[in-house]
Amino acid sequence: PRIHTFLATSPLHMRHKLNKSPEQVLEMIQAAVSFAAGLTPNVEFSCEDASRSERDFLAVAVERAIASGATTINIPDTVGYAQPQEFYELIKFLLATVPNASKAVFSVHCHNDLGLATANTLAALAAGARQAEVTLCGIGERAGNAPIEEVVMALKTRANYYNLETNVRGEQIYPSSRLLSMIIGQPIPPYKPIIGGNAFAHESGIHQAGVLKCAETYEIMTPASVGRAGNEMVLGKHSGRNAVKARLEELGFNLSEVQVTQVTEAVKQLADKKKNIFSEDVEALVLEEIYRLPDKYRLKHLSVLAGNMALPPTAALVMDVDGQEQKMSGFGVGAVDAVFNTISQLTGRSPVLKQYAVNAITGGTDAQGEVTVRLEEGGHKSVGRGSDGDVIVASAKAFINALNRLAKKEEERECATL
């Protein structure tokens, strides 16, 4: 196990946040790292806001941390302030200046406030850092962190330049990012490098002609290298269990035989509504059927009356609430508002809708709609998602999913107080 401790080293943080002198900060570093080293030989120390720290003091702080037992030294660009050449020179400076630098692995942790997290991370690795702290899809504080998919594929694609290797399996990048996207309810932007929907799309006639003749003319990596299917065989209502199981394995899902059967039935039900079932559809079904929270609230039936008539949009719902079937009708400004109002009344809850987003899972007018909602109730927040060929039904599923998450959190808080 590793203990990771950190302390700010920039004048700004020391003065305004810590209210400590540089000497006091050095003493705190020594105390924290020494204590951690007494518990495990694997200790990482981070100099928070290193990119805005005075270089000479930063070198002293790093030396003190290593002398106290740190085996990994992390140099964060905490607020995304550094420039690539500047960050390269900082890592070079520390490796050359700190007397005991050879006793530790140097690491970097870059934020993306100026859109330079990947560039700064790669510059640091080129300078001699040998650990990079990254996140899938770049998810992180504010504008995010360096995305693992960009750093890994840059190292693989430009191996002749960096001469560095990782143990990351590139073919798992896209399936993992898709799964994360579905879990957190945030669609991947189409122009996101490596994993975005347009990352391997070619619209220009010149580009298309080049790719058809030789893919390497405009593709510096293959879709397969990051786990994206090339010519994908679609599923349909005549697809058997083995075909569904093979697709699940291709997508990285390790399901039991019972779960495979469950997903197969869901695929067949969806195939009655749309002709072709794509990987994105299968992923959505897995999330709905397998990775679903226990339902305190469950939608059974929904009908909506809406349009430009004089009557207000109306929603009629049948739901299970704690195992009991309940029915209710309600009104709203629009169809979605009517559904949400009715669900709130039926469940006796009063959440505030903070965000609503709808996205087509695949192309075509018969595509499933994927809806994401963010709710807040009593100071507690929740994200819910739902998918269906009818976006109104998908909206109801997402709203109920978020309510189930709120209910689950309530149960956990109650258990914690016992």
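Position 374 of the sequence shown, counted from 1, bears residue number 374 in full-length UniProt numbering, the numbering being contiguous throughout.
Where is the CB? At the ideal position from N, CA and C, for every residue including glycine.
Since the structure is predicted, the reported quantities are computational estimates derived from the model, not experimental observations.
Residue i and residue j closer than 8 Å at C-beta
i	j	result
residue 287	residue 267	no
residue 72	residue 107	yes
residue 373	residue 407	no
residue 206	residue 174	no
residue 64	residue 24	no
residue 342	residue 329	yes
residue 200	residue 219	yes
residue 82	residue 9	no
residue 28	residue 7	yes
residue 405	residue 382	yes
residue 26	residue 3	no
residue 177	residue 137	yes
residue 313	residue 331	yes
residue 252	residue 172	yes
residue 98	residue 70	no
residue 78	residue 54	no
residue 260	residue 245	yes
residue 402	residue 375	yes
residue 396	residue 299	yes
residue 377	residue 358	no
residue 392	residue 336	yes
residue 327	residue 317	yes
residue 361	residue 281	yes
residue 400	residue 297	yes
residue 33	residue 149	no
residue 436	residue 14	The chain is shown only over 1 to 418; residue 436 falls outside these bounds and no answer can be derived.
Per-residue DSSP class, three states only, for residue i
i	result
residue 383	strand
residue 242	helix
residue 186	coil
residue 445	The displayed coordinates of the chain run from 1 to 418. Any statement about residue 445 would go beyond what the structure contains.
residue 1	coil
residue 231	Confidence at residue 231 is low in this model, with a pLDDT of 47, below 50, so its placement is unreliable and the value that follows should be read with caution. Residue state, collapsed to three classes: coil.
residue 369	strand
residue 374	strand
residue 400	helix
residue 191	coil
residue 45	strand
residue 116	coil
residue 88	helix
residue 110	strand
residue 40	coil
residue 77	strand
residue 32	helix
residue 277	strand
residue 292	coil
residue 356	strand
residue 7	strand
residue 251	coil
residue 13	helix
residue 72	strand
residue 98	coil
residue 349	coil
residue 388	strand
residue 178	helix
residue 405	helix
residue 55	helix
Cβ-Cβ separation, residue j to residue i (assumed contact under 8 Å), whole Å
i	j	result
residue 67	residue 100	6 Å
residue 153	residue 170	7 Å
residue 243	residue 235	6 Å
residue 159	residue 113	Not really, about 29 Å apart at Cβ, beyond 8 Å.
residue 36	residue 75	That pair is no contact at about 18 Å.
residue 263	residue 289	6 Å
residue 109	residue 181	Not confirmed; about 23 Å, so no contact.
residue 354	residue 380	Contact doesn't hold; Cβ gap of about 12 Å is too wide.
residue 111	residue 86	15 Å between Cβ atoms; not a contact.
residue 94	residue 52	Not quite, the Cβ-Cβ distance comes to about 15 Å (not below 8 Å), so this is no contact.
Review point. Between the segment 180 to 190 and the segment 115 to 125, do three or more beta carbon pairs fall short of 8 Å?
Key: no
Practice item. Taking 8 Å as the threshold, find out whether the segment 121 to 128 comes into contact with the segment 86 to 96 through three or more Cβ pairs. Key: yes
Review point. Would you call the segment 250 to 267 and the segment 297 to 313 in contact, with 3 or more CB pairs under 8 Å?
Key: no
Review point. Are the segment 315 to 329 and the segment 261 to 279 touching by the rule of at least three beta carbon pairs closer than 8 Å?
Key: no
Point to revise | Whole beta strand (DSSP E) elements within the segment 303 to 332, 3-residue minimum | key: 314 to 321 and 324 to 331
Check your understanding: If you pair each beta-carbon of the segment 357 to 371 with each one of the segment 341 to 349, do three or more pairs fall below 8 Å?
Key -> no
Practice item. List in chain order: all unbroken beta strand (DSSP E) runs of 3+ residues lying wholly within the segment 122 to 167. Key: 131 to 133
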